[in-house]
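Residue numbers (my numbering), protein chains in the order written: chain A, 1 to 391; chain B, 392 to 1033; chain C, 1034 to 1206. A short worksheet on the structure shown next.
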Amino acid sequence: MSPLPTFSSMAPEAGLMQALALGRPDIIEEVKLSGLKGRGGAGFPTGMKWNFAAAAQAEVKFVICNADEGEPGTFKDRVILQDHADLVFEGMTIAGKAIGAREGIVFLRGEYTYLRPHLEAVLAQRRKKKLLGKEILGGDLEFDIRIFMGAGAYICGEETALIEALEGFRGEPRNRPPFPVNTGFLGRPSVVNNVETLASAACILQKGADWWKATGTEHSTGLKIFSVSGDCGKPGVYEFPMGITVAQLLKEVAGEGAKAVQVGGASGLCIPASQFRRAIAFEDIPTGGSIIVFGQHRDMLDVLHNFLEFFVDESCGQCTPCRLGNRKLLEGVELLKEGKCSMAYLQELCALGDTMQIASKCGLGQSSPSAFLSVVKNFREELMGRTYSHV
Amino acid sequence: MSPAPTLETGSRAPKSQQSLSIPRSNSEEAIGGTVTASINGQPVKVPLGTTILAAAQQVGIRIPTLCHHPDLCVAGVCRVCVVEVEGQRTLQAACAFPITSPIKVLTHTQKVRQTRRHVIDLLLSEHYGECYACGRNNNCELQGLAKEYGVDFFRFGHPDKPKFEIDRSSYSVIRDNNKCVLCRRCVRTCIDLQEVGTIEVVGRSDQSYITTFKDKPLGEVVCINCGQCINRCPTGALRANDPTDEVWAAIDDPNKHVVIQTAPSPRAAIGECFGLAPGSPLTFELNTALRMCGFDRIFDTNFTADLTIIEEGTELILRLHKALVGKDPNIALPQFTSCSPGWVKYLEHFYARYIPNLSSAKSPQQMFGAVIKTYYAQKHGVDPKDIVTVALMPCSAKKFECNRSEMDDSGFKDVDYGLTTRELAKMISEAGLELPKLPKSDFDAPFGTATGSGVIFGATGGVMEAALRTVIELVTGLKVEDLFEKANIIPVRGFEGVKYVELPITQVGPVPDILKHLVPDWEWLKGVTLKVAVAHGTANAKKVMEDIKAGGKFSECHFIEFMGCPGGCIGGGGQPIPTSPKIRTARAKAIYVEDAAYEVRKSHENPDVLTIYKEFLTDGPCGRRSHELLHTHYTPRGKYIE
Amino acid sequence: MLMTDRERLAREIKGLAEKHGHSRTSLIPIVQEIKHKYRKIDDFAMQVIADQLGLHPVEVYSVVSFYAFLGSEAHGKFIIRLCRTISCDMQGKERVMRQMENDLGIRFGETTADGKFSLEWANCMGMCDQGPAMLVNERIYTHVTPEKVHEILEECRRSFGVHATEQKEVYLV
């Protein structure tokens, strides 16, 4: 039984049929009207992205499904791909129609290799039913999808690094602008969307923008799939409306009494109990879906250490602030754990964190200091002058 | 499912290291293909897609950079050149951000200054070594930035021990990753600019470093020693293999007769090491300095440059004769020049099949070594085993060349040391001399006649021009000045990557004495259109070679000049740092100005050359004696690395 | 590597290049297939791949060394990847790690002397609600406990034959 009621309730291919009936601009209009924003974490308005790609003049374009879910604490795309692969592929096909692409690529992370046979089987089924390939559903749309396996790099979740990997390069993000919608895979206009975004788009085409807008908030419409883990009674995948508060979420997952909640994974914010009334939405605390609950007994410096170790390992290494800055932050956390960090140096590290947030070349370096800065701000009493060594 | 689509873009560099095609802007202000942005409040009108950095340079606003280089594709990795763009939360790299709308840019706000300072502090926290014990002291971009940003303490620490072992396996290039700032200029140079592909970034995150295939020693992988990476490295991470200690030891040894030959390109550029603007030749001041340093004899490489023209020109004529008169189908044409050791090694690795096309003539440097330890030694009663030959070259590959095992035709190592422009500048300052202020003096006999034809070897197209000046006069009997104003063969000059020139031979003259024993007349060349080409930089060499492989227009050429370095020797791996298109243009201009000022401007009119054929190489050009001393053979190396 | 082995490998790589295309976009898929079959990409393989795709060998090395699944030294028949990210960490990956090292006699980052098992760390593999999570080649194991480690390893060993059991003399060096 899928834990995702809305996706489960969708009539198969109804969205695609609706999209084929509408023209290209109308599909995009519907998605724009719905206010759907990217579900991978960045939250870029999907309709706008599709519009740019549609406007780009080119013979060859690509729809790329970003299934490189790597943010710590995120596993909702895995469940969506396991249980609703058809919906995702439907979304890709709709996108293909909307922007004028004939080829779709699913960038599936290497850790999910065990999902590949299932996905290939679904694709084969769709081809048999004329939902992929030439003359889809008897019309003139041509679209097919292939799967590309990732090779173990979190940074490939960043759209331009993903495209670099597709092209056979190191997964190093590109200079932007230009953006993938104009210059993407092989220099062609490409739309890169998260798994959940594509599935949501298929739902929107089926049920309409107004239905989507009925849930969520003004700037974060619709529902969101969350993956909850950590110190809570009911970890797992959940469907909640955007705008739910941290407190409400904790109630749903039997995580009340938590010390802190990490919203948005290692690149997100560490929310202390005093702020649990805040809303999870792009207006307040944005997330790609990752929710990690920390019980009262958790040492926030240990948590921070784990996050920074992650970033030090996963940074691509091309730009100075991220490559060297993350290491400095990690070393700072180790100093703090040993109780050897001076206040002055801690302030230097916070200033470094500020710099990394605005000067790094891509989102990884721009968001890796968030955990550091929010723990330092919200859990200051736990940091200074510790008397035990626990490196 | 159809197979994956193919990559079409021209550049080999990953897209993360480039600024790609810029879309048309929809903004009303961006009409007519231009847009007016504002930098620090100053308006600047630029074509759509111009980077902020280029726009700032237009109005004289300086934005500091580190990974950016005028010769290379954009990287945008160091984050030194970041600026604030109104409306953007994050700072943007000025070198990579294309202006497509009327943006407002601020180049030195608090955020920008803090970022730049942090970047420098972070780089210093990994940069092992002290400035005073480094060859790039006072000419290092990291040092320059640290000074500019007032760094006076190590905010994030400083390493007290090295992390990497220094790779000294190559005769030419030494790699020291402890000083690397990962700007990737060397990678972009080797893969994108030169298309040799020796080094790349390996690993990930702060474990990434720049290295060769499977970290093998540089001397064991495919490296052509062109040293272009050294010229573009902002710090001391890459440097040339420096023999100045040994050269001083030879000079200081009273039993050694130290002879130095100087090439035109170092002479055109060495002034840059003493604060002069690029393009101020110090040829004759240098002679004085060298004497004062203690060199026993100073010769002009132009002598053997002219000798090379005679030998190689004769070789070409013989090949043409066999092909056109003898109708031999196996004659290797086009003939390729062989004076650039970087180019020679490139061909030996990547196009070994075409070794027969290489001229068997040695480079001027190596010819000189052989001549000095035989002809000169005899003529002046010096025992060749006491002679130490030093070559002042703009080239790092010459260090490899003089160590090639076949370069000992004199019975000794023909050239003992290849010394670069930078290394000699160091020796001159060690001697306390202010080079630009010294009086001028001449070269030593018997190889002291400075000629224009030898001088122009330094610029791309120069070897071709010198060869054509001689071939035209010897074959047609006309004066070159009759066909090209002032004997300046402009079509082969300039920095275009590949040049192609056709010269119809409509009339012929008598065969000159020096060649009379080889060909009876020139009738067989009458009506022939001589097709020649010039390529500089191995990326352009590759284009020509691929065309030849495919049977294209270059396969029908007769003679092609190849230079391993962009710009020719004036852009060589041993030249003063930094390099840029502007600097190379200035150096090339100096060379052509020098050429125009000389009396003797054609190789076959060099009196010293005529003398050596009379006295020593008595069986003439390409004769037995010449072949023994002045010609060489090559080694097919392939590109497979063990 | 024997000459005939080299010829076979070269032919295989050429075949892969035919299948995926002789361009850079095929680099990662080809390397993945070679790594899957041979457990490592050696110097010779990289140069053949470079040749087939029109790249320099160092470019292949550069890409392979970037990705955790391609560039690692791990070459065991079973590559075990244990997740070390926060949720699995909070659910006890440390004890699983120690038990792994005890049972195999190697540390993380190493391969057993008989070439059967390699131990590697991995970062979040998307099983955060069921941790500690572990990949053995492509197969995922969840809710791993120190007790279960032994059975998982035995299952792997059984694929080598009924009598391939754990070495009795295993010490943590």
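Yeah, the Cβ is synthetic: ideal placement off N, Cα and C, and Gly gets one too.
Around the CB of B/GLY424, fewer than 16 other CB atoms lie within 10 Å, so the residue is classed as exposed.
Within the stretch 989-1029 of chain B, complete alpha helix (DSSP H) segments of at least 4 residues are found at 998-1006, 1015-1021, given in chain order. Taking C-beta separations shorter than 8 Å and ignoring five residues to either side along the sequence, the partners of C/HIS1055 in its chain run GLN1085, LEU1086, GLY1087, following chain order.
Chain order gives the chain B residues near C/PHE1099 as VAL592, VAL593, GLY594, ARG595, SER599, where near means a beta carbon separation below 9 Å. Annotation: Cβ neighbours of B/TYR1031 in chain C (cutoff 8 Å, chain order): GLN1080. For B/ALA466, the closest C-alpha among the options A/GLN262, A/GLU256, A/PRO173, A/LYS328 is that of A/PRO173. Between the C-alpha atoms of C/MET1133 and B/GLY588 there is a straight-line separation of about 42 Å. If you draw a straight line from the Cα of B/SER832 to the Cα of B/LYS554, it is about 48 Å long. Scanning C/PHE1141, C/PHE1111, C/VAL1169 for the CA closest to the CA of C/ASP1147 turns up C/PHE1111. Taking C-beta atoms as the reference points, B/ILE454 and B/THR427 fail to come closer than 7 Å. Cβ proximity to chain A below 7 Å picks out THR1118, ILE1119, SER1120, ASP1122, MET1123 from the stretch 1107-1138 of chain C. For the stretch 728-743 of chain B, no residue has a beta-carbon sitting nearer than 8 Å to a beta-carbon of chain C.
Counting the other CB atoms within 10 Å of its CB gives C/PHE1102 a total of 16 or more, which places it among the buried residues. One alpha carbon belongs to A/LEU115, the other to B/GLU937, and they sit about 45 Å apart.
B/GLU475 has its alpha-carbon roughly 50 Å from the corresponding atom of A/LEU137. Contact of C/HIS1089 with chain B is assigned, a C-beta pair being separated by under 7 Å. In summary, the residues of the stretch 300-332 of chain A whose CB is separated from some CB of chain B by less than 8 Å are VAL312, ASP313, GLU314, SER315, CYS316, GLY317, GLN318, CYS319, THR320, PRO321, ARG323, LEU324, GLY325, ASN326, ARG327, LYS328, in the order they occur in the chain. By the Cβ rule, the stretch 777-786 of chain B counts as touching the stretch 754-765 of chain B, because three or more pairs are nearer than 8 Å. Per DSSP, reduced to three states, the secondary structure at C/GLY1125 is coil, with no helix or strand assignment. Bridge partners of C/ARG1172 according to DSSP: C/VAL1169. In chain order, GLY1014, ARG1016, SER1017 place their CB closer than 7 Å to the CB of B/LEU1008, counting only its own chain and leaving out the 5 sequence neighbours on each side.
For A/PRO178, the closest of A/ALA359, A/PHE52, A/PRO272 by C-alpha to C-alpha distance is A/PHE52. Less than 7 Å separates the beta-carbon of A/GLU196 from that of A/ILE225.
Per the DSSP secondary-structure output, C/LEU1152 pairs in a beta bridge with C/ILE1113. Of the residues assessed, B/ALA640 falls on the exposed side of the cut-off, its CB having fewer than 16 other CB atoms within 10 angstroms.
Here B/ARG744 is not near B/GLN726, since their CB atoms are 7 Å or more apart.
Short of 7 Å from the beta carbon of B/HIS908, and not among the five residues preceding or following it, lie these beta carbons of its own chain, in chain order: GLY1011. The beta carbon of A/VAL63 lies closer than 6 Å to those of MET92, ALA95, GLY96, ALA101, GLY104, VAL191 in the same chain, with the five residues before and after it left out.
Cβ neighbours of B/SER751 within its own chain (closer than 6 Å, five residues either side excluded): HIS1022. Distance from the CA atom of A/THR74 to the CA atom of C/LEU1035, rounded to whole angstroms, is 46 Å.
For A/ALA359, a Cβ of chain B is located within less than 7 Å of the residue's own Cβ. Using a Cβ-Cβ cut-off of 7 Å, B/GLY588 counts as an interface residue toward chain C, since at least one Cβ of chain C sits closer than that to its own. In the assembly as shown, C/MET1079 is a buried residue. Its beta-carbon has 16 or more other beta-carbons within 10 Å.
Taking a Cβ-Cβ cut-off of 7 Å, the neighbours of B/ARG546 in chain A comprise GLU348, given in sequence order.
DSSP places C/TYR1094 in the helix class (H, G or I) of the three-state scheme. With contacts defined as CB atoms closer than 7 Å, B/THR842 and B/TYR989 qualify as a contacting pair.
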